Structures are given as structure tokens and as C-alpha cells.
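The next block holds one structure in the form of C-alpha cells; read it before the comments.
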Amino acid sequence: MTMSRGRAGGVASAAAQPGRGVPGQAQRTAATPERREDSVLAAEVQALVAAGNQAEARERFQAIVRLHQRRAVRIAFHYLRDAADADEATQDAFVKAFVHIDSYRSEHAFEVWFTRILVNACLDRRKARQRRERWLLPVLDSGIKGESDVIARTPEPSANPEQQLLARERWTQIAAAVRRLPPQQRTVFILCTYAGHSTRETAAMTELSESTVRVHLFRAVRKLRAALKAGHHVA
Amino acid sequence: MWLNRQTRHLSDRQLLDCYLDSELAPVGDSSPALPPHVATCHACAQRYADLARDWTLAAAAGADEADAVFTAERLDEQLQRIMRRIAQHGHRADIFLFPTRGLPPSPPRVAAVWRPARWAAAGVGLAAGLVLGLAFDQVDFGDLLRPAASLAGGTAAATAADTDRFDGSLAVSGLGAPVSDDELLDSIDSALSTRRVPELLVYDEMTPERVAFSPRLR
Chain A
1 MTMSRGRAGG
11 VASAAAQPGR
21 GVPGQAQRTA
31 ATPERREDSV
41 LAAEVQALVA
51 AGNQAEARER
61 FQAIVRLHQR
71 RAVRIAFHYL
81 RDAADADEAT
91 QDAFVKAFVH
101 IDSYRSEHAF
111 EVWFTRILVN
121 ACLDRRKARQ
131 RRERWLLPVL
141 DSGIKGESDV
151 IARTPEPSAN
161 PEQQLLARER
171 WTQIAAAVRR
181 LPPQQRTVFI
191 LCTYAGHSTR
201 ETAAMTELSE
211 STVRVHLFRA
221 VRKLRAALKA
231 GHHVA
Chain B
236 MWLNRQTRHL
246 SDRQLLDCYL
256 DSELAPVGDS
266 SPALPPHVAT
276 CHACAQRYAD
286 LARDWTLAAA
296 AGADEADAVF
306 TAERLDEQLQ
316 RIMRRIAQHG
326 HRADIFLFPT
336 RGLPPSPPRV
346 AAVWRPARWA
356 AAGVGLAAGL
366 VLGLAFDQVD
376 FGDLLRPAAS
386 LAGGTAAATA
396 ADTDRFDGSL
406 AVSGLGAPVS
416 DDELLDSIDS
426 ALSTRRVPEL
436 LVYDEMTPER
446 VAFSPRLR
């Protein structure tokens, strides 16, 4: 199972045993190296662009794309719930980041700056989709949506069929509950869980205060847990 | 951290804050230790574990869902597209001329006549004329008309003295003493030959003079 930044795994078992140290602490990893590397690379790209060395700048930027691409498509996909839109929004965000690299401040984390561009690109895409859905016939729309509805999640091979079914049902409930969250709660939840950003980083990306981010997150988690409990009781 | 007075346990909000602080601390920050209550209270530790499990499940499920759509091959393709777009940025799009060879001659184009535009132009012209007429009406022509009136044998007040004073010159309202025809023409010539209007100086500078391009005048 893929983990987000590898931070949250294994906490449950440790926390279930009181008096055995601080749960979760042992699982914390050091600052992800890519996070520092990307800022260094971005500063280099900025300098190369300023010097007029576009070819070298593009080559360095490719390394940045490789570092952030996976996380970016996850955010965009959960934000837009459409694979094609997420693909294009991610592309737009990277292209914009390169074109406007001169406005990047090297004293800040590149990831925060880039994620803000990405969230804005997703918002633009969503507005465009809403316009499209308003003006196009529903018949045409049925062909656009998609891939997200036919995803076959690969279950863990070790799980037995019953466990696989339960896990799939639970996962479907979570995805549906996330979709039903209000926009700000969903944004905050996506950035914190799927992308693994801290509340401070998320606050910088969304231009909200950290306390507001925490309130949104708390409400989102409460709703999701309620939805999961309800689903569990029904099952 | 304050405990709930009635239950003597951490609230849900406090538990989430503990989790966020310990598991999702900003990069580079040292994560604060969990409050001792979580380590000693079985109920709170259990709730914390449940929260961590749900969080982990949601994060993993979300990542799996996106990764199933965006496979490694798809990400590679996306990367190539991004790099192509970046490489093309700033380049002008190629313009392909429409092929005209071998095509039959196009029929002569009929000039589109848009009658409402003509009517609109006529209306604007009329309005401009009206405005000019009104503006013209505001000019004081008293001195101009008074001699004419006196020459025509008009009112008694403008009779002998006015007639004697009138010598063919025109008095322009607001300019003080009347000027003769020659003086007026001289002033017009002077105005045309000198660059006095600041707003037109730029145009004067841009306008080539005949001397500049006529070899005969050099």
C-alpha cells in the first residue's frame, strides 16, 4: 500500500499500547530530501533562465518535475475527480511554474509555491468544467467523465477475498465521503492526507491561517469518520 | 493540555491536534512529544490509534486510487508533454498558408453594405452639426452685428457714433482692440509658420519637411 510521505504508518499498533513510549514518534522520518533538493534546483533553474541558458534550465526543471509529478497528480486527481482534467491541470501548473520561475523566492520552499500554482490550476479547470457542463448536452458529458469511475483497485495479494471486499467497500466509502466534503474542507483534507503536507504548509498554500486549516481539517475528519461508522453499521 | 472536566479525557479536537503535530509537522521542524495523558490513558490511546488508523487508511486509499489511474507510463508521457510545452513556450506558432494552387477562382466578393452603419454615420453627422450650431450661437457677435445694424439704419442708440467708428475692421470678442484685415491675415500666417501648439509639436517632429526629401530644394 502506498504511503503518503511514509509518516502515518504503524501508528495504530503503537498507540494501542499505553505506556510503551510515544506512538508515532518512531515512524517519523527526517525531512524528505526531495523537499530541499527541489528548492535548490529551482534556484538553479531561475539563475539559468536569467542567464539565458534555456536548454540547461529545461534540463534541471525536468528533475523538479520528476520529484513532484506523482504528488501533483494525486492532488489534482482528488481535487478534480477526473483523470483528463487532472492531467491537464498538472501540466499547466508545471508549465506555469517554469514560465514564472523568475517570481519564485528561493528563501521559500519550492513545493509550497508550486502547490499554490497547482491548486489555482485545478480551480481554473473546475470552473471551465462547470461552464462546459452548463452549456453542453448531458449526452456529450457522459463520454468525458470517467476513468475515475472504472478504476479497478488492486487489492493486496496477501488478503483473502473477504478482506479484499471489505477493504474495497471501506475505500469506496472514504472516496465518496471525501467527494461530499465542502470545497475548502476537501482542499485542506487532500493537501494534508493525500499529499502529506503539514497544516502550516497547507495554510501557506491555501492562504488561510493555520488555525482555520485545522478547523477545516477537524470538521472533515469528523465527517469522514461519521461516514465510515455509518457505513460500518450498515454493512 | 487541558482535559475535559467531565470525562477527564482529551477532546476529539485535541487528539487531532496531537496527531497533526506529531505526524504532520512541517519539514525541518522537530515534532513535539505527545502529551503524557495519551501514553497513560488507555481510552485516549485507543482513540488516538483509531484516528491514526483512519487517517492512514484514507491517505493510502487516496494514493492508491490516483496511482491506479496515473501509471508510470502515463507519468512518463505527461513529463514528455510538459517538456515539449516548455520548449515551445515563447516560440511563434507556424502559420501555414492556405493552398491556392489548383483551386477554382473564388467568386468576386460583394461588398457588404451595412445600411444601419450609414444611417448611424448620418445621425452622428447631424448631431455634430447641432453641437457646432449651438456652440456657434454662444459666441458674442455683438460688435460684428452692431455696425451692420447701424448701416442698415437700425436703432437710434447705434447710429452716428457707431457708424463713424466703424472702419471695416472686425472686433473679436474678448480680444480687446479691433485689428485690421491685414493684421489678422498676418497673424494667421504667423500662426501657420511657427510651432506654437504644444500638442502638435510631436506631429511636427514626425512630419518630414519637403527639404528633407526633395533633391531640388537641397
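Line by line, the protein sequences are chains A and B.
In this text, residue positions in the first sequence follow our numbering: the first is 1, and each later residue adds one.
In this text, residue positions in the second sequence follow our numbering: the first is 236, and each later residue adds one.
No residue lacks a Cβ here, since even glycine has one placed at the ideal position from N, Cα and C.
Here the structure is a predicted model, which means the values were calculated and not measured.
Problem - Range covered by the alpha helix (DSSP H) that runs through R105 (chain A) - result: Bounds of any alpha helix (DSSP H) do not take in R105 (chain A), whose DSSP letter is neither H nor E.
Exercise for the section: Using only alpha-carbon positions, find the residue among A:R71, A:L80, A:H100 that is nearest to A42 (chain A). Expected result: Ranked by Cα distance from A42 (chain A), the first of A:R71, A:L80, A:H100 is A:H100.
Problem - Cβ of A175 (chain A) within 8 Å of any chain B Cβ - result: Taking 8 Å as the CB threshold, A175 (chain A) lines the interface with chain B.
Exercise for the section: Answer yes or no: does any C-beta atom of chain A fall closer than 8 Å to that of L435 (chain B)? Expected result: Not closer than 8 Å to any Cβ of chain A, the Cβ of L435 (chain B) fails to qualify, so no.
Handout entry: Inter-residue Cα distance where the pair is G358 (chain B) and A370 (chain B)
Key = Their backbone Cα atoms lie some 18 Å apart in a straight line.
Practice task
May I ask you to check if the CB of L436 (chain B) is nearer than 7 Å to at least one heavy atom of the ligand ATP?
Solution key: With respect to the ligand ATP, the structure shown offers nothing to examine, as it has no ligands at all.
Handout entry: Extent of the continuous alpha helix (DSSP H) run through A438 (chain B)
Key = The sequence shown places Tyr at residue 438 (chain B), rather than the Ala named in the question. For Y438 (chain B), the uninterrupted alpha helix (DSSP H) segment begins and ends at 433 to 441.
Handout entry: Cut-off 6 Å between Cβ atoms - residues of its own chain near I117 (chain A), not counting five sequence neighbours on either side
Key = Answer for I117 (chain A): A93, K96, A97, listed in chain order.
Practice task
State yes or no: is the C-beta of L314 (chain B) within less than 8 Å of the C-beta of Q69 (chain A)?
Solution key: It is a contact, given that the beta carbons lie within the stated cut-off.
Practice task
Give the DSSP-derived three-state secondary structure of H244 (chain B) in the structure shown.
Solution key: The answer is coil: DSSP assigns H244 (chain B) none of H, G, I, E or B.
Exercise for the section: Would you mind sorting E201 (chain A) into buried or exposed? The rule is 16 or more other CB atoms within 10 Å of its CB. Expected result: Buried, by the Cβ-count rule.
Handout entry: Cut-off 6 Å between Cβ atoms - residues of its own chain near V49 (chain A), not counting five sequence neighbours on either side
Key = A57, I101, listed in sequence order.
Exercise for the section: Could you work out which residue in A:V119, A:S106, A:H78 is closest to D237 (chain A) when comparing CA atoms only? Expected result: Residue 237 (chain A) lies beyond the stretch modelled for chain A, which goes from 1 to 235, so this question has no answer here.
Handout entry: Interface positions of the segment 87 to 100 of chain A facing chain B (Cβ-Cβ less than 8 Å), listed along the chain
Key = Only D87, T90, Q91, F94, V95, F98, V99 from the segment 87 to 100 of chain A bring a Cβ to less than 8 Å from some Cβ of chain B.
Handout entry: Against chain B: residues of the segment 66 to 86 of chain A by CB proximity under 9 Å
Key = Correct list: R66, Q69, R70, V73, R74, I75, A76, F77, H78, A83, A86.
Practice task
Please say whether A86 (chain A) and L80 (chain A) have beta carbons closer to each other than 8 Å?
Solution key: A86 (chain A) sits close to L80 (chain A), with the two beta carbons spaced by under 8 Å.
Problem - Beta carbon proximity, D289 (chain B) to chain A, threshold 8 Å - result: Yes, contact with chain A.
Handout entry: Three or more C-beta pairs below 8 Å linking the segment 243 to 253 of chain B and the segment 181 to 192 of chain A
Key = Taking a contact to require three or more Cβ pairs closer than 8 Å, the segment 243 to 253 of chain B and the segment 181 to 192 of chain A do not qualify as touching.
Practice task
Measure the C-alpha to C-alpha separation of T291 (chain B) and R36 (chain A) and round it to an integer number of angstroms.
Solution key: Looking at the two C-alpha atoms, the distance is approximately 25 Å.
Practice task
Thinking A89 (chain A) and R125 (chain A) are a contact (beta carbons under 8 Å), I'd like their distance in whole angstroms, please.
Solution key: That belief holds up - the Cβ atoms of A89 (chain A) and R125 (chain A) are roughly 4 Å apart, short of 8 Å.
Problem - Residues of its chain near T199 (chain A), where Cβ-Cβ distance is below 6 Å and the 5 sequence neighbours each way are ignored - result: Here the set comprises E210, V213, R214.
Exercise for the section: Closer than 7 Å by beta-carbon distance: list the chain B residues that pair up with T199 (chain A), in chain order. Expected result: Proximity of chain B to T199 (chain A) at the Cβ level (cut-off 7 Å) is accounted for by L255, L259, in chain order.
Practice task
Note down the Cα distance separating L259 (chain B) from Y194 (chain A), rounded to an integer number of angstroms.
Solution key: So the two alpha carbons sit approximately 12 Å from each other.
Handout entry: Residue interval of the alpha helix (DSSP H) (run including I190 (chain A))
Key = Note, I190 (chain A): premise wrong, no alpha helix (DSSP H); not H, not E.
Problem - Bounding residues of the alpha helix (DSSP H) (the contiguous stretch that carries D82 (chain A)) - result: Counted as a single uninterrupted DSSP element, the stretch harbouring D82 (chain A) is not any alpha helix (DSSP H), since DSSP gives it neither H nor E.
Problem - Secondary structure of N53 (chain A), DSSP reduced to three states - result: The three-state reading of DSSP puts N53 (chain A) in coil, since its state is none of H, G, I, E or B.
Exercise for the section: Take R225 (chain A) and list the residues in its own chain whose beta-carbon comes closer than 7 Å to its own, dropping the five residues that flank it on each side. Expected result: No residues qualify anywhere along the chain.
Practice task
Compare the beta carbon distance of V112 (chain A) and A204 (chain A) with 8 Å and say whether it is the shorter of the two.
Solution key: For V112 (chain A) and A204 (chain A), yes; Cβs fall inside 8 Å.
Exercise for the section: Look up L208 (chain A) in the DSSP assignment and say whether it is helix, strand or coil. Expected result: Reduced to three states, the DSSP call for L208 (chain A) is coil.
Practice task
Would you kindly report the start and end of the unbroken alpha helix (DSSP H) that includes P270 (chain B)?
Solution key: Boundaries for P270 (chain B): no alpha helix (DSSP H) harbours it, and the DSSP string shows neither H nor E there.
Exercise for the section: Helix, strand or coil for C115 (chain A), going by three-state DSSP, please let me know. Expected result: Correcting the residue type first, residue 115 (chain A) is Thr in the shown sequence and not Cys. Helix, per DSSP.
Practice task
For H324 (chain B), decide whether its Cβ has a neighbour in chain A, counting only Cβ atoms nearer than 8 Å.
Solution key: Chain A contact via Cβ: present.
Problem - For F305 (chain B), three-class secondary structure by DSSP - result: F305 (chain B) carries a coil assignment under DSSP once its states are collapsed to helix, strand and coil.
Handout entry: Nonlocal neighbours in the same chain, by C-beta distance under 6 Å from C253 (chain B), ignoring five residues either side
Key = Here the set comprises L269.
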